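A.B. asks: One structure, as structure tokens, below. Some questions next.
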Amino acid sequence: MASASLLKTSPIVDKSEWVKGQTLRQPSASVVRCHPVAPSGLTVRASSYADELVKTAKTIASPGRGILAMDESNATCGKRLASIGLENTEGNRQAYRTLLVSAPGLGQYISGAILFEETLYQTTIDGKKMVDVLVEQNIVPGIKVDKGLVPLAGSNNESWCQGLDGLAPRSAAYYQQGARFAKWRTVVSIPNGPSELAVKEAAWGLARYAAISQDNGLVPIVEPEILLDGEHGIDRTFEVAKKVWAEVFFYLAQNNVLFEGILLKPSMVTPGAECKDKATPQQVAEYTLSLLRQRIPPAVPGIMFLSGGQSEVEATLNLNAMNQAPNPWHVSFSYARALQNTCLKTWGGRPENVKAAQETLLVRAKANSLAQLGKYTGEGESEEAKQGMFVKGYVY
Ligand code: 13P
Numbered sequence: 001m002a003s004a005s006l007l008k009t010s011p012i013v014d015k016s017e018w019v020k021g022q023t024l025r026q027p028s029a030s031v032v033r034c035h036p037v038a039p040s041g042l043t044v045r046a047s048s049y050a051d052e053l054v055k056t057a058k059t060i061a062s063p064g065r066g067i068l069a070m071d072e073s074n075a076t077c078g079k080r081l082a083s084i085g086l087e088n089t090e091g092n093r094q095a096y097r098t099l100l101v102s103a104p105g106l107g108q109y110i111s112g113a114i115l116f117e118e119t120l121y122q123t124t125i126d127g128k129k130m131v132d133v134l135v136e137q138n139i140v141p142g143i144k145v146d147k148g149l150v151p152l153a154g155s156n157n158e159s160w161c162q163g164l165d166g167l168a169p170r171s172a173a174y175y176q177q178g179a180r181f182a183k184w185r186t187v188v189s190i191p192n193g194p195s196e197l198a199v200k201e202a203a204w205g206l207a208r209y210a211a212i213s214q215d216n217g218l219v220p221i222v223e224p225e226i227l228l229d230g231e232h233g234i235d236r237t238f239e240v241a242k243k244v245w246a247e248v249f250f251y252l253a254q255n256n257v258l259f260e261g262i263l264l265k266p267s268m269v270t271p272g273a274e275c276k277d278k279a280t281p282q283q284v285a286e287y288t289l290s291l292l293r294q295r296i297p298p299a300v301p302g303i304m305f306l307s308g309g310q311s312e313v314e315a316t317l318n319l320n321a322m323n324q325a326p327n328p329w330h331v332s333f334s335y336a337r338a339l340q341n342t343c344l345k346t347w348g349g350r351p352e353n354v355k356a357a358q359e360t361l362l363v364r365a366k367a368n369s370l371a372q373l374g375k376y377t378g379e380g381e382s383e384e385a386k387q388g389m390f391v392k393g394y395v396y
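Following this line, the structure appears as structure tokens:
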């Protein structure tokens with residue numbers, strides 16, 4: 001973690017000099033591309049992919065569509081497969097991911113799919129590249145680039161996210177392989193603080209990752225997940241979320257990240273999972289939109305929420321409540337558990353269930369598409385889809 005004071009003495013990203021050295025009016029990406037020169041004589045180079053980044057982000061944030069997060073690490077995918085009695089083999093992971101990417105008509109509701117590295121380089125069980133199947137479905141392939149969470153020394157049992165070393169060449173290779181956006185998930189825990197250190201570290205890591213991704217043609221999804229764990233009420237989540245997003249945007253700006261070429265993946269503002277007071281979708285929407293309005297510039301094209309252990313139906317209802325009036329950004333979903341849970345169970349590892357499982361995936365994708373448009377009614381949902389999926393201390 002580079003501290004703010006270290007940054008202030010850095011010859012490359014001196015924020016105050018950078019602001020003085022450029023015109024304050026930046027109406028379009030092409031202005032960002034004009035390679036402004038700071039008074040010190042140093043050129044601050046913006047990504048040569050600027051136009052493409054803006055286009056990719058807009059494509060993903062298109063009306064009635066959201067992201068399918070299917071980037072479980074091999075360890076997490078193993079837990080999913082174990083829940084339906086399957087072994088964690090490459091073949092089983094391939095069979096499951098084949099089912100997901102080839103669900104007929106998925107691209108009507110899904111604009112992007114986040115993949116784990118194995119899947120980006122994998123073929124379907126019929127020997128087609130997973131990436132090609134997605135592109136044929138009009139779905140933009142994305143890639144999880146972080147290397148997971150480890151304990152943060154000097155903190156209150158909190159964690160930090162690894163993966164910056166070697167990120168530039170990895171990102172360039174992912175682009176070559178067909179990825180056009182990236183995801184980096186770090187977490188903030190409310191019961192453990194969050195400490196000032198943990199929030200700064202999370203924000204700085206996200207900002208460096210975002211700058212490196214843009215430099216290599218990948219739209220970064222910025223995901224500081226505020227974990228659901230805890231007994232706190234919704235006001236406490238709101239307060240922490242405001243702090244976290246203030247810090248994230250401070251460092252994104254310091255790293256010269258192009259806001260028009262990013263996507264956000266926030267947690268919704270809810271009470272802690274162990275809080276006795278529950279919030280209605282209207283309350284969640286009110287708090288979450290209030291947070292977004294106070295912290296997120298309208299230049300950001302898309303807010304793609306994570307589900308974080310909410311039930312499938314709860315996540316859809318909350319999203320729907322947020323889309324009852326126009327928002328400055330596309331407000332949508334990037335769910336893993338809340339899109340896949342019933343689908344995985346319906347499949348159960350049996351080839352004869354593939355079609356039925358794909359249909360359940362389509363049901364969820366369509367429900368969330370309607371919620372993105374503010375038109376979801378919640379009628380006819382199965383009991384399975386109403387089951388919460390919160391796991392204490394969840395590791396993705
Ligand atoms: P969940 O929707 O299961 O919380 O997963 C979100 C995520 O970060 C995956 O990219």
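So that you can map any letter, position 107 of the sequence shown is 107 in UniProt numbering, and since no number is skipped, the others follow by simple counting. The beta-carbon is built from N, C-alpha and C at its ideal position, and this holds for glycine as well. For clarity, every value in this text was computed on a predicted model and none was experimentally measured.
Measure the alpha-carbon distance for leucine 152 versus valine 187 and round it to whole angstroms.
C.D. replies: 11 Å
A.B. asks: Going by C-alpha distance, which of Glu383, Gly374, Gly349 and Leu362 is nearest leucine 81?
C.D. replies: Gly349
A.B. asks: Just to check, is the beta-carbon of glutamate 201 closer than 7 Å to a non-hydrogen atom of ligand 1?
C.D. replies: no
A.B. asks: What whole-angstrom Cβ distance do asparagine 269 and tyrosine 287 have, given they're in contact under 8 Å?
C.D. replies: The question names asparagine, but residue 269 is valine in the sequence shown. Sure, about 4 Å apart at Cβ, within 8 Å.
A.B. asks: Take threonine 342 as the anchor and find which of Gly378, Gly388, Asp146 and Leu291 has the nearest alpha-carbon.
C.D. replies: Gly388
A.B. asks: What do you reckon, are the CB atoms on residue 416 and lysine 265 nearer than 8 Å?
C.D. replies: There is simply no residue 416 to check, as the chain begins at 1 and stops at 396 in what is shown.
A.B. asks: Classify glycine 380 as buried or exposed, calling it buried when 16 or more other Cβ atoms lie within 10 Å of its own Cβ.
C.D. replies: exposed
A.B. asks: With which residues is isoleucine 114 paired in a DSSP beta bridge?
C.D. replies: Ala69 and Gly142
A.B. asks: Go through its chain and collect everything with a Cβ distance to lysine 392's Cβ below 7 Å, but skip five positions before and after it.
C.D. replies: Asp229
A.B. asks: If contact is defined by three or more beta carbon pairs under 8 Å, each pair taking one atom from either stretch, is the stretch 96-114 in contact with the stretch 126-144?
C.D. replies: yes
A.B. asks: Let me have the residue list for ligand 1: C-beta closer than 7 Å to any non-hydrogen atom, ordered along the chain.
C.D. replies: Ala69, Asp71, Ile114, Lys144, Lys183, Arg185, Glu223, Glu225, Lys265, Leu306, Ser307, Gly308, Gly309, Ser334, Tyr335, Ala336, Arg337, Ala338 and Tyr396
A.B. asks: With three or more C-beta pairs closer than 8 Å as the rule, is the stretch 318-334 touching the stretch 74-92?
C.D. replies: no
A.B. asks: Please return the same chain residues whose Cβ sits closer than 7 Å to the Cβ of valine 354, not counting the five positions on each side in sequence.
C.D. replies: Leu99 and Trp347
A.B. asks: Give a yes or no on whether the C-beta atoms belonging to phenylalanine 116 and lysine 144 are separated by under 8 Å.
C.D. replies: yes
A.B. asks: Please report the straight-line C-alpha distance between tryptophan 160 and isoleucine 190, rounded to a whole angstrom.
C.D. replies: 14 Å
A.B. asks: Can you tell me whether glycine 217 is helix, strand or coil according to DSSP?
C.D. replies: coil
A.B. asks: Sorted by chain position, which residues of the same chain lie with C-beta nearer than 8 Å to isoleucine 84's C-beta, five sequence neighbours on each side aside?
C.D. replies: Excluding sequence neighbours, isoleucine 84 sits near Leu344, Lys345, Trp347, Gly348 and Gly349.
A.B. asks: Taking Cβ to Cβ, would you say tyrosine 209 is nearer than 8 Å to tryptophan 184?
C.D. replies: yes
A.B. asks: Let me check one thing: in DSSP terms, what residues is glycine 302 bridge-paired to?
C.D. replies: Glycine 302 pairs with Leu263 and His330.
A.B. asks: So, for glutamine 177: in the same chain, excluding its five sequence neighbours on each side, which residues have a beta-carbon less than 6 Å away from its beta-carbon?
C.D. replies: Leu120
A.B. asks: Output the residue ranges of the alpha helix (DSSP H) runs that lie fully inside the stretch 228-279 and measure 4 residues or longer, sorted by chain position.
C.D. replies: 234-254
A.B. asks: How would you call arginine 293, buried or exposed, if buried means at least 16 neighbouring beta carbons within 10 angstroms?
C.D. replies: exposed
A.B. asks: Figure out for me which residue from Glu87, Asn157, Asp146 and Leu317 has the closest Cα to the Cα of aspartate 165.
C.D. replies: Asp146
A.B. asks: Using the rule of at least 16 other Cβ atoms within 10 Å of the residue's Cβ for burial, across every protein chain shown, is glutamate 87 buried or exposed?
C.D. replies: Per the 10 Å Cβ criterion, exposed.
A.B. asks: In the DSSP assignment, what residue or residues form a beta bridge with arginine 208?
C.D. replies: The partner list for arginine 208 (beta bridge, DSSP) is empty, contrary to what the question assumes.
A.B. asks: Within the continuous alpha helix (DSSP H) that includes threonine 186, where are the two ends?
C.D. replies: No alpha helix (DSSP H) contains threonine 186, which is instead part of the beta strand (DSSP E) from 181-188.
A.B. asks: Hey, out of Glu352, Asn318 and Leu263, whose CA is closest to serine 62's CA?
C.D. replies: Leu263
A.B. asks: Where glycine 308 and glycine 127 are concerned, what is the direct C-alpha to C-alpha distance, given to the nearest angstrom?
C.D. replies: Straight-line Cα distance between these residues: approximately 33 Å.
A.B. asks: Going by Cα to Cα distance, which pick from Met70, Leu227 and Pro297 is closest to proline 141?
C.D. replies: Met70
A.B. asks: What does DSSP give as the partner residues of tryptophan 160 in its beta bridges?
C.D. replies: Val150
A.B. asks: Given isoleucine 139, which residues of its chain have a CB within under 7 Å of its CB, disregarding the five upstream and five downstream residues?
C.D. replies: Leu106, Gly107, Ile110, Ser111, Gly112 and Ala113
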